[in-house]
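Report on one structure; see the data block that follows.
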Amino acid sequence: MLKILRDKKTAKKVWIGLAIIIIPAFTLWGFGGGTDDKNENTPIGKISGHSISGLEFKESLAAVRTSAILQFGDKLPEVEKYLNLEAQAWERLILLYEAKRRKIAVSDKEVVDLIQNAPYFRDKSGFNNKIYQETLRYVFRLQTRTFEEQMRQSLILDKLYKQVTEKINLSEEQIRQEYLKLNEELKIDYIAGFYLEFAKKIKPKDKELAVFFEKNKAMFKIPPTKDKEAYIPEFAQVKDKVKETFIKETSQETVRNKIRECAEKIKKTSFSKAAKACGLKSGSTDFFKSNDQIKELGNAEVFWLTAKKLDKNQLSDTIFNDKGYYIIRLEGIKPLDENKFLKEKPEFSQRLLSAKRNETFNDFAAELNKTAQHK
């Protein structure tokens, strides 16, 4: 049954019929709690002033595990250590308390309809109670009443999700711009000052390092430990780290100055000559999309977003990333394939809207978590 649950064709049906069971956010919280089975009535935390018993937490943990089984099937043991199910159990409780505050309810009929329409509880004739009972017993290891209460809560959470996200929509322009960001290809010329290129040339003497250390002692402060308060070490203890920091800071400052110098020179001479005069590299890229990696330059997004705002051959202001500083100019844009856009637009719009709604709900849930004080 677990393999059936993760079968691609079956999974598609599951998501159509039971997607509401699984809350989109799996990585919101870093809190991990626990419960002692010996005394399940003992409060282990609070949510907005309400005490949470060990039993209540345990039931929530069982519910998120059910969701994990639905999502991962027999692969769950491989990924479970990455899921932080305990944090999800707290998340579920926080959201359910918010739903209760909003007086969101689910009828017995809604629960019955949900379960009877689940593909993996059916055969050719429709809902099969034997399959249902055996699945609960051998796959989910749950009693009928427990599983049905989990489904009720999942439906409640789905209604909460819809309440929070129902007003989220996208304009035609938003859809088009997001599509362009993923699909439109640009080409640029660039002048680049790479930190590493200048760092190789920096050979500081001990005296320089000692002066740098005296001026920047706070940068090398040793954090406190159980046995010792924070303190500033002697220069000799951190000499290697001081050297590394000195080279890094000096190379970055050198590159910043060089790129400013180049920005002035480029007003009076050609792109490549200005770069050469300042000891900087110049070049041209192939056509690239915003999510590409550009050889030498790295992640394309900052270059794409900057170039997108330029007219052809217009120079940019100085931009930077973790490799260096740059001046770019737009060389060309590949025209968008409008027929392809129109063909892909319906599915793309739906994915984009879903992502936007999930983001909105995750932000909402994160804000609830801040105010719940559940530890």
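Counting the sequence shown from 1 gives a position; my numbering is that position plus 1. Heads up, the beta-carbon is just placed ideally off N, CA and C, and yes, glycines get one too.
| Query | Result |
| --- | --- |
| Quick one: measure Cβ to Cβ for L161 and L96, integer angstroms, because I've assumed they're closer than 8 Å. | 6 Å |
| Classify I260 as buried or exposed, calling it buried when 16 or more other Cβ atoms lie within 10 Å of its own Cβ. | buried |
| I need the straight-line Cα distance from Q178 to T319, nearest angstrom please. | 24 Å |
| With respect to the beta strand (DSSP E) encompassing G194, which residues constitute its N-terminal and C-terminal limits? | L187 to F195 |
| Just tell me which of A367, A193 and T361 has its CA closest to the CA of T166. | T361 |
| Whole angstroms are fine: how far does the CA of L210 sit from the CA of K240? | 8 Å |
| R257: which of E348, Y232, N340 and N322 sits nearest, CA to CA? | N322 |
| Rounding to the nearest angstrom, what Cα-Cα distance links E348 and S291 in this structure? | 20 Å |
| Exposed or buried, what is E99 when buried is set at 16 or more other beta-carbons lying within 10 Å of its beta-carbon? | buried |
| Determine the extent of the beta strand (DSSP E) in which E332 is found, giving its start and end residues. | G325 to I334 |
| Thinking just about the alpha-carbon of each residue, which of I157, Q89, A231 and R66 is nearest to the one in I105? | I157 |
| Output needed for L354: all residues of its chain with C-beta closer than 8 Å, excluding positions within five of it in sequence on either side, in chain order. | I169, N170 and L171 |
| In whole angstroms, give me the CA-to-CA distance for K227 and K204. | 38 Å |
| Output the residue ranges of the alpha helix (DSSP H) runs that lie fully inside the stretch 111-141 and measure 4 residues or longer, sorted by chain position. | 130-136 |
| For chain D, is any of its Cβ atoms less than 7 Å away from the one on Y98? | In the displayed structure, chain D is absent; only one protein chain is listed. |
| Would you call the stretch 283-303 and the stretch 185-199 in contact, with 3 or more CB pairs under 8 Å? | yes |
| Could you check where the alpha helix (DSSP H) with T95 kicks off and where it finishes? | Reading off the sequence, residue 95 comes out as Ile, not Thr. First-last of the alpha helix (DSSP H) with I95: L86 to R102. |
| What separation, rounded to the nearest whole angstrom, lies between the Cα atoms of F128 and R66? | 24 Å |
| I need the straight-line Cα distance from I116 to E81, nearest angstrom please. | 25 Å |
| Helix, strand or coil for G284 per DSSP? | strand |
| Taking all protein chains shown into account, decide if G33 is buried (16 or more other Cβ within 10 angstroms of its Cβ) or exposed. | Bear in mind that a pLDDT of 38 at G33, under 50, signals an unreliable position, so the number given afterwards is only what the model happens to contain. Its Cβ having fewer than 16 others within 10 Å, G33 is exposed. |
| Could you check if I328 is buried or exposed, using at least 16 other CB atoms within 10 Å of its CB as the buried criterion? | buried |
| In its own chain, which residues sit with a C-beta less than 8 Å from the C-beta of T372, not counting the 5 before and 5 after it? | S49 |
| Using the Cβ count rule (16 or more neighbours within 10 Å means buried), how would you classify L298? | buried |
| For I234, collect the residues of the same chain with a Cβ closer than 7 Å to its Cβ; drop the 5 residues on either side in sequence, then sort them by chain order. | As written in the sequence, residue 234 is Pro, which differs from the Ile given in the question. Here the set comprises F221 and I223. |
| Check whether the Cβ atoms of K304 and S252 sit closer than 7 Å, and answer yes or no. | In the sequence as presented, Lys is not what sits at residue 304; that position holds Phe. Contact: no. |
| What first and last residue would you give for the alpha helix (DSSP H) that runs through K249? | K240 to K266 |
| Helix, strand or coil: which one does DSSP assign to Q151? | helix |
| Going by other Cβ atoms of all chains shown within 10 Å of its Cβ, with 16 needed for buried, is L343 buried or exposed? | exposed |
| To the nearest angstrom, how far is the alpha carbon of A26 from that of A367? | Any reading at A26 must be qualified, since the residue scores a pLDDT of 40, below 50, and its modelled position is unreliable; no value is offered. |
| Work out the CA separation of K313 and K208 for me, nearest whole Å. | 49 Å |
| Can you list, in chain order, the residues of its chain with a C-beta nearer than 8 Å to that of I176? Leave out the 5 residues immediately preceding and following it. | K346, F349, S350 and L353 |
| How about the stretch 58-65 and the stretch 83-96: do they share at least three Cβ pairs that are nearer than 8 Å? | yes |
| Using CA coordinates, which residue listed in K206, L71, D75 and R138 is at the minimum distance from E245? | K206 |
| Using the three-state DSSP reduction, which class does K47 fall into: helix, strand or coil? | strand |
| Throw me the rounded Cβ distance for the I70 and F58 pair, which I believe falls under 8 Å. | Wrong, their Cβ atoms sit about 19 Å apart, outside the cutoff. |
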